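Chemist: Have a look at this one.
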Amino acid sequence: MKILVLNCGSSSIKYQLIDMEQNADLLAKGLVERIGLEMGEFTHKPATGDKYYVQTPIKDHEVGIKLVLEALLDNNYGVIASLEEIKAVGHRVAHGGEYFKHSMVLGEKELEEIKNLCELAPLHNPANLLGIEVMMKMLPHVKQVGVFDTSFHQTMPVEAFLYAVPYKYYEENKIRRYGFHGTSHKYVAPKAANLLGKNYEDLKIIVCHLGNGASICAIKNGKSVDTSMGFTPVEGLVMGTRCGDLDLGALLYIGEKEGLDFKGMNTLINKKSGLAGLTGSSSDMRDIDAGIKAGNERSLFAFKCFCYRVKKYIGAYTAAMDGVDLIVMTGGIGENDINARAEILGNLSFLGVDFDADANNVRGEDKLITKLNSKTAAMVITTNEELVIATDTMGLVK
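In our numbering, the protein residues as written are 143 to 540.
Laid out in structure tokens, this is it:
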């Protein structure tokens, strides 16, 4: 069964075509960028063969998706002979609110619910919805499945998801912690347990998804019991351009001092803060590592703040679960930044983490990075959110 996975952003479309019949083989992947701008970009990479790249005006998402389908069919770099080979389309949807507790086949009722949730995720859900609607129009006889970033966290207890604001805001406006990166947390935790030869549902696991966007999830007996992102993806860890946890009084003070309206304050905490705000130059941990080597003090401050916040959440979630058996590092930074992992995990002996600095010298592969006799294991695990979407889609369609 060939499944097309789509992740539609406001000006981009990421996609993968995966054959789920036997080994979940990736047939092709690509990226449509700069949708709606004067000149767009399209990159298509079949699993075997040369990459195809073109610059061309891409007026809207419908034009972008047409490019994707044409590339998949192309005689030179395509991977299917007919669109009839695509049996289902799986869509990444950022916010499922309380309505979507698991992935769903999408119909008119579900589309209306996603539309209603656009108010909670104005940067993501409208683009996700647009991709679904375009694909329904272009492949009307193919089932569309929504896989929601928030659904994995719907098992959080009330004490973890409620905010201490007047209760009417939860009742009337659904103001609560939702959490994100659910597909990644859901994928890497059982994968790590399996590699350890342990039963996933018997473990207390802390997953650190560390990248430009970053979040931590506490998973107890196979269920998410807490996560660092909240009502929006801005809460929690220090991120590339997002501030993470911040005293709201400080935000109001800055807003008053700088004469910022709500839109300006939103831009400040989402696009001008985090690593970029601390360094004043870059949100990329690779640039920060280079800055540290060059003796740049602000790069060091940014690195320390990032790692400290991760370590603090690990401690908090260990307390919340009354222990931890396994800590998983994933995402762009978690999988590839040796120094960040060492800073975070190298001094957690009180949790029973016997860190192995030699084993930690690894990038982009699954590996145990604690010693064999460590009471608490730590692992690097590569994530694959597209495979989660394809797996859920296949299960629902079948």
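Glycine included, every Cβ here is placed at the ideal spot set by N, Cα and C. Quick caveat: nothing in here was measured; it's all calculated off a predicted structure.
1) Just how far apart, CA to CA, sit Ala335 and Asp498?
2) How big is the Cα-Cα spacing for Thr472 and Lys517?
3) Pick from Val289, Glu314, Arg318 and Leu281: whose alpha carbon is nearest that of Met298?
4) Do you know whose CA, among Asn341, Ser357 and Tyr309, lies nearest Thr132's CA?
5) Would you mind stating whether Leu271 and Lys257 have Cβ atoms separated by less than 9 Å?
6) Please work out which residues of its chain come closer than 8 Å, Cβ to Cβ, to Thr292, disregarding the five sequence neighbours upstream and downstream, and give them in chain order.
7) Whole alpha helix (DSSP H) runs in the region 379-450 with 4 or more residues, listed along the chain?
8) Which term fits Asp534, buried or exposed, when burial requires 16 or more other beta carbons within 10 angstroms of its beta carbon?
9) Can you tell me whether Thr190 is buried or exposed? The criterion is at least 16 other CB atoms within 10 Å of its CB, across all chains shown.
10) From Ile486 to Val452, what does the alpha carbon distance come to, in whole angstroms?
11) Quick one: what's got a C-beta closer than 6 Å to Ile469's C-beta in the same chain, skipping five residues either side?
12) Roughly how far, in whole angstroms, is the beta-carbon of Leu169 from the beta-carbon of Asp161, given that I think they are within contact range, below 8 Å?
13) Cα-Cα, which of Gly178, Ala418, Leu538 and Tyr219 is closest to Glu204?
14) Who are the near neighbours of Cys447 in its chain, counting only those whose CB is closer than 7 Å to its CB and skipping five residues on each side?
15) Alpha carbon to alpha carbon, what distance is there between Tyr395 and Lys208?
16) Please report whether the beta-carbon of Arg176 lies at a distance below 9 Å from any beta-carbon of chain B.
17) Name the DSSP beta bridge partners of Phe290, please?
18) Counting only runs of 4+ residues fully inside the region 175-214, write out the alpha helix (DSSP H) ranges in chain order.
19) Determine the closest residue to Thr369 out of Ser415, Cys385, Tyr342 and His351, with distance taken between C-alpha atoms.
20) Give me, in chain order, the residues of the same chain whose beta-carbon lies closer than 6 Å to that of Tyr311; leave out the 5 immediate sequence neighbours on both sides.
21) In terms of residue numbering, what span does the alpha helix (DSSP H) encompassing Ala499 cover?
22) Go through its chain and collect everything with a Cβ distance to Ser152's Cβ below 7 Å, but skip five positions before and after it.
23) Within 10 angstroms of the Cβ of Ala331, are there 16 or more other Cβ atoms? Answer buried if so, exposed if not.
24) Which residue comes first and which comes last in the alpha helix (DSSP H) that contains Leu538?
25) I think Met427 touches Ala482, with their Cβ atoms under 8 Å apart; what is that distance to the nearest whole Å?
26) Could you check whether Asn489 and Gly506 sit closer than 9 Å to each other, using their CB atoms as the reference points?
27) Tell me which same chain residues have a C-beta within less than 7 Å of the C-beta of Leu493, skipping the five on either side of it?
28) I need the DSSP call for Tyr157, collapsed to helix, strand or coil.
29) Return the Cβ separation of Val539 and Lys229 in integer angstroms, given the expectation that the two are a contact with Cβ distance under 8 Å.
30) Please identify the residue among Ala484, Ile480 and Gly476 whose C-alpha is closest to the C-alpha of Ile523.
31) Taking Thr185 as the reference, which of Gln158, Asp202, Ala166 and Asn438 has the closest Cα?
32) Nearest to Val504 by CA position, among Gly474, Asn526, Asp496 and Asn515, is which residue?
33) For a test of the three-state rule: what should DSSP assign to Ile523, helix, strand or coil?
34) State the Cα-Cα distance for the pair Gly249 and Asp192, rounded to the nearest angstrom.
35) Terminal residues of the continuous beta strand (DSSP E) containing Thr325?
Modeler: Short version:
1) One-based indexing of the sequence shown puts residue 335 at position 193. One-based indexing of the sequence shown puts residue 498 at position 356. If I take the Cα positions, the gap works out to 19 Å.
2) Locating residue 472 in the sequence shown gives position 330, where the first residue counts as 1. Locating residue 517 in the sequence shown gives position 375, where the first residue counts as 1. Using only the alpha carbons, I get a separation of about 21 Å.
3) As a position in the sequence shown, residue 298 is number 156, starting the count at 1. Among Val289, Glu314, Arg318 and Leu281, the Cα nearest to that of Met298 belongs to Arg318.
4) The requested residue 132 is not part of the displayed model; the chain covers only 143 to 540.
5) For the purposes of this step, residue 271 is taken as residue 129 along the sequence shown, with counting starting at 1. For the purposes of this step, residue 257 is taken as residue 115 along the sequence shown, with counting starting at 1. In contact: Leu271 and Lys257 (Cβ atoms closer than 9 Å).
6) As a working note, residue 292 is residue 150 in the sequence shown. The answer, listed in chain order, is Ala236, His237, Gly238, Gly239, Phe242, Tyr320, Gly321, Phe322 and Gly324.
7) 390-400, 404-413, 416-421 and 427-435
8) Position 392 of the sequence shown holds residue 534. Asp534 should be labelled buried.
9) The residue given as residue 190 occupies position 48 in the sequence shown. Label assigned to Thr190: exposed.
10) Here residue 486 is taken as the residue at index 344 of the sequence shown, counted from 1. Here residue 452 is taken as the residue at index 310 of the sequence shown, counted from 1. About 7 Å.
11) Taking the first residue of the sequence shown as position 1, residue 469 is located at position 327. Ile348 and Ala520, listed in sequence order.
12) Position 27 of the sequence shown, counted from the first residue, corresponds to residue 169. Position 19 of the sequence shown, counted from the first residue, corresponds to residue 161. Correct: roughly 6 Å between the Cβ atoms.
13) Counted from its first residue, the sequence shown places residue 204 at position 62. The candidate whose alpha carbon is nearest that of Glu204 is Gly178.
14) To locate residue 447, count along the sequence shown from 1; it is residue 305. Once the five neighbours on either side are set aside, the close Cβ partners of Cys447 are Val380 and Leu420.
15) Residue 208 sits at position 66 when you count from the first residue of the sequence shown. Residue 395 sits at position 253 when you count from the first residue of the sequence shown. Going from the Cα of Lys208 to the Cα of Tyr395 covers about 48 Å.
16) No chain B appears in the structure shown, which is made up of a single protein chain.
17) Stepping through the sequence shown from its first residue, residue 290 is reached at position 148. In DSSP, Phe290 forms a bridge with Val235.
18) none
19) One-based indexing of the sequence shown puts residue 369 at position 227. Of the candidates Ser415, Cys385, Tyr342 and His351, the one whose C-alpha sits nearest the C-alpha of Thr369 is His351.
20) Translated into the one-based positions of the sequence shown, residue 311 becomes position 169. Cβ neighbours of Tyr311 beyond the five flanking positions: Ile317.
21) Taking the sequence shown and counting its residues from 1, one reaches residue 499 at position 357. No alpha helix (DSSP H) holds Ala499; DSSP gives it neither H nor E.
22) For this step, residue 152 is matched to residue 10 along the sequence shown. The answer, listed in chain order, is Leu265 and Ala269.
23) The count along the sequence shown starts at 1 and reaches residue 331 at position 189. By the 10 Å Cβ count, Ala331 comes out buried.
24) Mapped onto the sequence shown, residue 538 falls at position 396. Leu538 -> alpha helix (DSSP H) spans Glu527 to Val539.
25) As a first step, residue 427 is located in the sequence shown; it is residue number 285 there, counting from the start. As a first step, residue 482 is located in the sequence shown; it is residue number 340 there, counting from the start. Contact flag correct, Cβ pair sits at about 7 Å.
26) Along the sequence shown, one-based indexing puts residue 506 at 364. Along the sequence shown, one-based indexing puts residue 489 at 347. The answer is no: Cβ separation not under 9 Å.
27) Counting from 1 along the sequence shown, the entry for residue 493 is found at position 351. For Leu493, where only same-chain residues beyond five positions count, the Cβ hits under 7 Å are Thr460, Val466 and Thr518.
28) Taking the sequence shown and counting its residues from 1, one reaches residue 157 at position 15. Tyr157 falls in the strand class under three-state DSSP.
29) Start at 1 with the first residue of the sequence shown, and residue 539 comes out as number 397. Start at 1 with the first residue of the sequence shown, and residue 229 comes out as number 87. With a Cβ gap of about 7 Å, Val539 and Lys229 count as contacting.
30) On the sequence shown, position 381 is the one that residue 523 refers to. Looking at the Cα atoms, Gly476 is the closest of the given residues.
31) Along the sequence shown, read from residue 1 onward, the residue named residue 185 stands at position 43. Nearest of Gln158, Asp202, Ala166 and Asn438 to Thr185, Cα basis: Gln158.
32) Locating residue 504 in the sequence shown gives position 362, counting from the first residue. Minimum Cα distance to Val504 is reached at Gly474.
33) Here the question's residue 523 lines up with position 381 in the sequence shown. Three-state result, Ile523: coil.
34) As a working mapping, residue 249 is identified with position 107 in the sequence shown. As a working mapping, residue 192 is identified with position 50 in the sequence shown. Rounded to the nearest angstrom, the two C-alpha atoms are 37 Å apart.
35) Working through the sequence shown from its first residue, we reach residue 325 at position 183. Looking at the DSSP string, Thr325 is not in any beta strand (DSSP E); the run it does join, the alpha helix (DSSP H), is Gly324 to Leu338.
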